[in-house]
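First the structure, in the form of structure tokens, and then the observations on it.
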Amino acid sequence: DAKTTQPPSMDCAEGRAANLPCNHSTISGNEYVYWYRQIHSQGPQYIIHGLKNNETNEMASLIITEDRKSSTLILPHATLRDTAVYYCIVRVPLLAAGNKLTFGGGTRVLVKP
Amino acid sequence: NAGVTQTPKFQVLKTGQSMTLQCAQDMNHEYMSWYRQDPGMGLRLIHYSVGAGITDQGEVPNGYNVSRSTTEDFPLRLLSAAPSQTSVYFCASSYSLTVDTEAFFGQGTRLTVV
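Those protein sequence lines, which keep their order, are chains A and B.
Quick note on numbering: the numbering used here labels position 35 of the first sequence as 372, and the sequence is numbered without any gaps.
Quick note on numbering: the numbering used here labels position 53 of the second sequence as 40, and the sequence is numbered without any gaps.
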């Protein structure tokens, strides 16, 4: 699986958009980009994933660059409950890798009032 | 739906004791896995299962056993607990092996070995 690089921490003002970057310059053509988050003392929670097109759901938007070497997770209107560690993960399709999710250090996001 | 349920939530063991961490899912998921998370670190895969009767090792399998006798349950056994196994343990499940889907995680079991 490709490695990812994320900033260790960032602050965000409540109500503003939070833009979380992730570099994955060695991503392969069949690897997806996944985002999970972990709120303190809870299990990781799936946010969104994509292959090469931009994706949006009720939680967030995922913007993947054309060369797929980086992506940005956007939380459109951050709330205090969005304070968490956010993990960017890239991986091959399920069957080939046993669905292993490789969690790196992530970005610790603090949403401030 | 309860999702992924882990029990117990907290456990303290003495060195050398054995115990089983329980994990159950009610979503008819094929794939289940166990991770451990140490302070300030990401999750590391211990064991995983791609279906009933099939298990395999992850990154850090030593000291742990698993079995998958049913689709719903995937218990993790600590054979002889050691202080190095003090950690938070998460169980996860996914729907399919052939379609890339999200993983659902339990709320974790916080284990302390003294």
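All residues carry an ideal CB built from backbone N, CA and C; glycine is no exception.
Quantities reported herein were computed from a predicted structural model and do not represent experimental measurements.
| field | Selection from B:Y76, B:V75, B:E59 that minimises the alpha carbon distance to B:G38 | value | Residue mapping note: residue 38 of chain B aligns to position 51 of the second sequence, counting from 1. For B:G38, the nearest C-alpha among the options comes from B:E59.
| When DSSP labels each residue in this structure, what does A:P358 get in the three-state scheme? | Position 21 of the first sequence holds residue 358 of chain A. Residue state, collapsed to three classes: strand.
| Among the residues of its own chain, which have a CB less than 7 Å from the CB of B:A69, if the five just before and after it don't count? | The residue you call residue 69 of chain B lines up with position 82 of the second sequence. Here the set comprises T2, G50, V100.
| field | Own chain partners of B:R64 with C-beta closer than 6 Å, once the 5 adjacent residues on each side are dropped | value | In the second sequence, the residue the question calls residue 64 of chain B occupies position 77. Once the five neighbours on either side are set aside, the close Cβ partners of B:R64 are T7, N52.
| Comparing alpha-carbon positions, which option in A:R445, A:S365, A:G442 lies nearest A:D404? | Sequence index remark: in the first sequence, residue 404 of chain A carries index 67 (1-based). Cα-wise, what sits closest to A:D404 is A:S365.
| For A:P381 and chain B, any beta-carbon pair shorter than 9 Å? | As a working note, residue 381 of chain A is residue 44 in the first sequence. So, interface residue.
| said: On a Cα-Cα basis, can you pick out the residue from B:T88, B:F(-3), B:L98, B:V47 that is closest to A:L457? | reply: In the structure displayed, chain A extends from 338 to 450; residue 457 of chain A sits before or after that span and is not available.
| query | CA-CA distance, A:Q375 and A:D348? | reply | Here residue 375 of chain A refers to the residue found at position 38 when the first sequence is read from its first residue. Here residue 348 of chain A refers to the residue found at position 11 when the first sequence is read from its first residue. When rounded, the distance between both Cα atoms is 16 Å.
| message | Cβ closer than 8 Å: which chain A residues qualify as neighbours of B:G93? | response | Here residue 93 of chain B refers to the residue found at position 106 of the second sequence. Residues of chain A passing the Cβ test: G380.
| said: Quick check on B:A69 - is its C-beta less than 9 Å from some C-beta in chain A? | reply: As a first step, residue 69 of chain B must be located in the second sequence, where it is residue number 82. No, no contact with chain A.
| Given A:F440, which residues of its chain have a CB within under 7 Å of its CB, disregarding the five upstream and five downstream residues? | Walking along the first sequence from the start, residue 440 of chain A turns up at place 103. Correct list, in chain order: Y424, I426.
| field | Residue span of the beta strand (DSSP E) that contains A:Q375, given as start and end | value | As a working mapping, residue 375 of chain A is identified with position 38 in the first sequence. That run of the beta strand (DSSP E) goes 369 to 375.
| Mind pulling the beta strand (DSSP E) runs of 3 or more residues that sit fully within the region 15 to 50 of chain B? | 18 to 24, 30 to 38, 41 to 44
| query | Whose Cβ in chain B lies nearer than 9 Å to the Cβ of A:G387? | reply | For the purposes of this step, residue 387 of chain A is identified with residue 50 of the first sequence, where counting begins at 1. Ordered by position in chain B, no residue passes the 9 Å Cβ test against A:G387, which lies about 10 Å from the chain.
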